[in-house]
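Same order as they appear, the protein sequences are chains A and B.
Start counting the first sequence at -9; every next residue gets the next number (the working numbering).
Start counting the second sequence at 59; every next residue gets the next number (the working numbering).
Using N, Cα and C, we set each Cβ at its ideal position, and we do this for glycine too.
Step one of this worksheet: look at the structure below.
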Amino acid sequence: MAEELRKIMFTVRKPPHGTIYVYEGLEVKLIMAAYDADISVVFMDDGVYALQQGQKTGDLGVKGFEATYGVLVDYEISKVFVDRKSMEDRGMTVDDLVVIGEDEDTEEDIKPSVVDAEEISQMMSEQHNILCF
Amino acid sequence: MKLAVLIYEGPYNHEASDSAYNFIQAARKKGHEIEGIFFYHDGVYNVTKLMEPPQDDRHIAKRWSELGGEGIDIVVCIAAAKRRGIVDDVLVPNVRISGLGQLTMMAIKAEKLVVFGD
């Protein structure tokens, strides 16, 4: 029997702009998704801003990466979560979040799943390793 | 325990590099094995031979090079390095440039991946 897939979680806690952590962190996710690992991503604290729709980075003179979140499911990264309290504390709702892919059968938009801190804690306890950005 | 270390910050500007080094030395002294060290973000600046700190200060690149010489696999992310002008020509000995796949293998193989940085 094949060895069980290693569970690797990414946390995104920093705001998407101002530093390169979140952008380069996204590059890591896309690469790791090509390997045999059970990948999940959790956005919390200011990291939830990375999922906000309608980011415009042109005036900053930097390349935006919001569009790349739209292909996460295509990259087989479908376990994408957002911390409910972090989102609500910042006045955001699910409507504000980017779409991360499309359901193959129903063609409906897929959005990150909203979860509570207890669920995140439970998921974290099951991980082999966690990378933070 | 098999450990891997991921370093995000540049040398001198931030304590992360020193903390990682001290952590690695302490872990080895306790008998733990270091699966690999991976430099990402500005961490790639840790291993350029162009640095020349004052003589009474620690030489961070040399320190990493010595660890590499003792057989620890030290990898610099190629994507992060290219962005920042770090190429093979400027690396200290015993360090290599490679892709994020190497980090993936470390994260899979090591029992614990320890991240140093903000």
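Taking the alpha carbon of A/Val47 as the point to measure from, which residue in A/Asp106, A/Gln117, A/Thr9 has its own alpha carbon closest? Per the sequence shown, residue 47 of chain A should be read as Thr rather than Val. Comparing Cα-Cα distances from A/Thr47 to each of A/Asp106, A/Gln117, A/Thr9, the minimum goes to A/Thr9.
Three-state secondary structure (DSSP) at A/Gln45? coil
Measuring CB to CB, does A/Val125 end up less than 8 Å from A/Val84? This structure leaves residue 125 of chain A out entirely; chain A is present only between -9 and 123.
Answer yes or no: does any C-beta atom of chain B fall closer than 8 Å to that of A/Val124? Absent from the model: residue 124 of chain A. The displayed extent of chain A is -9 to 123, so no value can be given.
Should B/Gly94 go down as buried or exposed, given a rule of 16 or more other Cβ atoms within 10 Å for buried? buried
Since A/Asp3 and A/Met34 are thought to touch, with beta carbons under 8 Å apart, how far apart are those beta carbons, to the nearest angstrom? Before going on, a small fix: residue 3 of chain A reads as Arg here, not Asp. Sure, about 6 Å apart at Cβ, within 8 Å.
So, is B/Lys140 buried or exposed, given that buried needs 16 or more other C-beta atoms within 10 angstroms? exposed
Please confirm whether B/Lys140 has its beta-carbon closer than 8 Å to some beta-carbon of chain A. no
C-alpha gap between B/Val133 and A/Lys19, whole angstroms: 18 Å
What's the call for A/Leu(-5), buried or exposed, on a 16-neighbour Cβ count within 10 Å? exposed
Sheet register partners of A/Asn119 (DSSP bridge): A/Ile(-2)
Report the partner residues of A/Asp73 according to the DSSP bridge assignment. A/Val105
Does the stretch 64 to 77 of chain A come within contact of the stretch 105 to 112 of chain A, defined as at least 3 CB pairs closer than 8 Å? yes
Answer yes or no: do B/Val102 and B/Ile130 have a C-beta to C-beta separation smaller than 8 Å? no
Min CB distance A/Met(-9) to chain B below 8 Å: Here the model assigns A/Met(-9) a pLDDT of 47, short of 50, so the residue's position is not dependable, and the following value carries that caveat. By this cut-off, A/Met(-9) is not an interface position.
I want to verify the contact list: residues of chain B whose CB lies under 8 Å from the CB of A/Arg(-4), in sequence order. Ala165, Ile166
Among B/Asp176, B/Leu171, B/Asp147, which residue has its Cα nearest to the Cα of B/His90? B/Leu171
Since B/Leu149 meets chain A, which of its residues come closer than 7 Å, beta carbon to beta carbon? Going along chain A, no residue has its Cβ under 7 Å from B/Leu149, so there is no contact; the nearest lies around 20 Å.
Return the CA-CA distance between B/Gly157 and B/Val63, expressed in angstroms with no decimal places. 16 Å
So A/Tyr11 contacts chain B; which residues on that side make the cut at Cβ distance below 9 Å? Tyr66, His99, Gly175, Asp176
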